[in-house]
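Trainee: Going by the numbering used here, the sequence shown opens with residue 30, and the numbers climb by one from there.
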Amino acid sequence: MAEHETENEADALTRGGLPLDGRTVMITRALEQASEFAAALEGFGARVVACPTIEIVPPESYAPLDEAVENLYGYDWIVFTSVNGVEHFLRRLEVMGKDVGELDEVRVCAIGGTTAEHLAEAHVHVDVVPEKFQAEGVFEALAAYVGGRENLRNLNFLLPRAAAARDFLPRALEDAGARVDDMAAYRTVRPETTDRARVEALLVGGGIDCITFTSSSTVQNFAQLFDTRDLVPLLAGVRVACIGEITSRTAAVYGLTVDIQPPASDTAALARAVADYFEREARGQRREVS
Numbered sequence: 030m031a032e033h034e035t036e037n038e039a040d041a042l043t044r045g046g047l048p049l050d051g052r053t054v055m056i057t058r059a060l061e062q063a064s065e066f067a068a069a070l071e072g073f074g075a076r077v078v079a080c081p082t083i084e085i086v087p088p089e090s091y092a093p094l095d096e097a098v099e100n101l102y103g104y105d106w107i108v109f110t111s112v113n114g115v116e117h118f119l120r121r122l123e124v125m126g127k128d129v130g131e132l133d134e135v136r137v138c139a140i141g142g143t144t145a146e147h148l149a150e151a152h153v154h155v156d157v158v159p160e161k162f163q164a165e166g167v168f169e170a171l172a173a174y175v176g177g178r179e180n181l182r183n184l185n186f187l188l189p190r191a192a193a194a195r196d197f198l199p200r201a202l203e204d205a206g207a208r209v210d211d212m213a214a215y216r217t218v219r220p221e222t223t224d225r226a227r228v229e230a231l232l233v234g235g236g237i238d239c240i241t242f243t244s245s246s247t248v249q250n251f252a253q254l255f256d257t258r259d260l261v262p263l264l265a266g267v268r269v270a271c272i273g274e275i276t277s278r279t280a281a282v283y284g285l286t287v288d289i290q291p292p293a294s295d296t297a298a299l300a301r302a303v304a305d306y307f308e309r310e311a312r313g314q315r316r317e318v319s
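Below, the structure is given as structure tokens:
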């Protein structure tokens with residue numbers, strides 16, 4: 030483990046450095062998904078430390094999802110809430126001997142630009158990309174697309190997503206008269222290999238400037254790692270960055286004040302928001318010095 034950089038951020042900006050020069054950022058998302066986010070942070074000059082608090086694993090059974098894949102013709106809409114949902118759904122499509130062309134007759138909603146990009150790369154058309162990524166915003170976007178919530182009645186929706194995900198969207202659709210199959214395409218679990226002692230030493234020793242959370246699960250599992258409901262003592266002096274409103278609410282449950290939340294709920298926006306935060310902080314330090 031390399032030593033934490035100690036260069037003052039204001040000095041880095043004065044000499045034309047990157048906004049996260051001299052800063053160390055901890056990322057808590059699944060290891061297999063961390064590379065793009067880490068690269069974005071490193072592009073702003075950060076040193077990145079990975080502390081994966083979730084691992085993506087198959088559902089306990091693929092049988093319900095496979096049955097849905099076998100009967101795609103029965104759905105009016107498929108709503109993909111994440112890249113994970115896309116990848117696992119397409120994998121099952123292939124296993125079942127199906128072609129993405131079978132999705133041509135189904136409306137597709139993708140939550141987030143990255144999710145939409147993954148679908149486009151797989152040659153799956155996307156009809157709706159909601160501006161708001163939270164479930165409430167997704168429901169509003171779907172209702173607007175069909176001309177009002179009353180037109181959701183009797184439509185059939187498939188939601189291939191994480192097991193035990195938030196139930197607002199399926200509930201809202203059902204309340205509007207739609208039929209919803211909420212299928213577990215994958216599960217998120219806490220990894221067994223996270224080095225708790227190393228992570229704690231970095232945090233308590235001042236080796237981390239900012240910790241990022243990209244889902245409620247990352248917050249919850251991070252707290253479980255340390256067997257606590259109060260993360261404040263552990264993260265004293267560490268800036269907290271959350272990808273969106275729902276994750277920020279979960280962080281608040283564990284006593285945290287969220288310092289950074291991007292306007293868009295994706296990792297590119299989160300990396301930019303972290304960089305902007307420390308750049309503003311450094312400029313404030315510069316003004317104080319001058």
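Glycine included, C-beta positions come from ideal geometry on N, C-alpha and C.
(1) Does the Cβ-Cβ distance between ASP295 and GLY141 come in under 8 Å?
(2) If I follow the unbroken alpha helix (DSSP H) through TYR174, where does it start and stop?
(3) Return yes when the Cβ of ARG225 is within less than 8 Å of the Cβ of PHE255, no when it is not.
(4) Starting from ASN250, follow its DSSP beta bridges and name the residues at the other end.
(5) Which same chain residues end up closer than 8 Å to GLU116 when comparing Cβ atoms and leaving out the 5 residues on each side of it in sequence?
(6) Going straight from the alpha carbon of PRO81 to that of ARG121, what length do you get?
(7) Within its chain, find whatever has a CB closer than 8 Å to the CB of ALA67; leave out the 5 residues flanking it on each side and keep chain order.
(8) In angstroms, rounded to a whole number, what distance separates the CA positions of GLU131 and LEU101?
(9) Roughly how many whole angstroms lie between the Cα atoms of PHE162 and PHE118?
(10) Taking the beta carbon of ARG58 as the centre, do at least 16 other beta carbons fall within 10 Å, making it buried, or is it exposed?
(11) If I measure Cβ to Cβ from LEU202 and keep anything under 6 Å in the same chain, skipping five residues before and after, which residues do I get?
(12) Tell me, which residues are paired with ALA191 by DSSP?
Mentor: The short version:
(1) By 1-based counting over the sequence shown, the position of residue 295 is 266. By 1-based counting over the sequence shown, the position of residue 141 is 112. The answer is yes: Cβ separation under 8 Å.
(2) Position 145 of the sequence shown, counted from the start, is the residue given in the question as residue 174. In this chain, the alpha helix (DSSP H) harbouring TYR174 covers 164-174.
(3) In the sequence shown, counting from the first residue as 1, residue 255 sits at position 226. In the sequence shown, counting from the first residue as 1, residue 225 sits at position 196. Yes.
(4) Sequence index remark: in the sequence shown, residue 250 carries index 221 (1-based). Bridge partners of ASN250: none, in fact.
(5) Walking along the sequence shown from the start, residue 116 turns up at place 87. When the five nearest sequence neighbours on each side are left out, the beta carbons in the same chain lying within less than 8 Å of the beta carbon of GLU116 are those of HIS147, in order along the chain.
(6) Here residue 81 refers to the residue found at position 52 of the sequence shown. Here residue 121 refers to the residue found at position 92 of the sequence shown. The alpha-carbon atoms of PRO81 and ARG121 are separated by roughly 26 Å.
(7) Mapped onto the sequence shown, residue 67 falls at position 38. Correct list, in chain order: ILE56, VAL77 and ALA79.
(8) Your numbering for residue 131 matches position 102 in the sequence shown. Your numbering for residue 101 matches position 72 in the sequence shown. Whole-angstrom Cα-Cα distance: 8 Å.
(9) Position 133 of the sequence shown, counting from 1, holds the residue named residue 162. Position 89 of the sequence shown, counting from 1, holds the residue named residue 118. Rounded to whole angstroms, PHE162 and PHE118 show a C-alpha spacing of 20 Å.
(10) Residue 58 sits at position 29 when you count from the first residue of the sequence shown. Buried, because 16 or more other Cβ atoms sit within 10 Å of the Cβ of ARG58.
(11) The residue given as residue 202 occupies position 173 in the sequence shown. Here LEU202 has PHE186 and VAL209 as same chain residues with Cβ atoms under 6 Å from its own Cβ, once five neighbours each way along the sequence are excluded.
(12) On the sequence shown, residue 191 is found 162 positions in, with the first residue counted as 1. DSSP lists TYR215 as the beta-bridge partner residues of ALA191.
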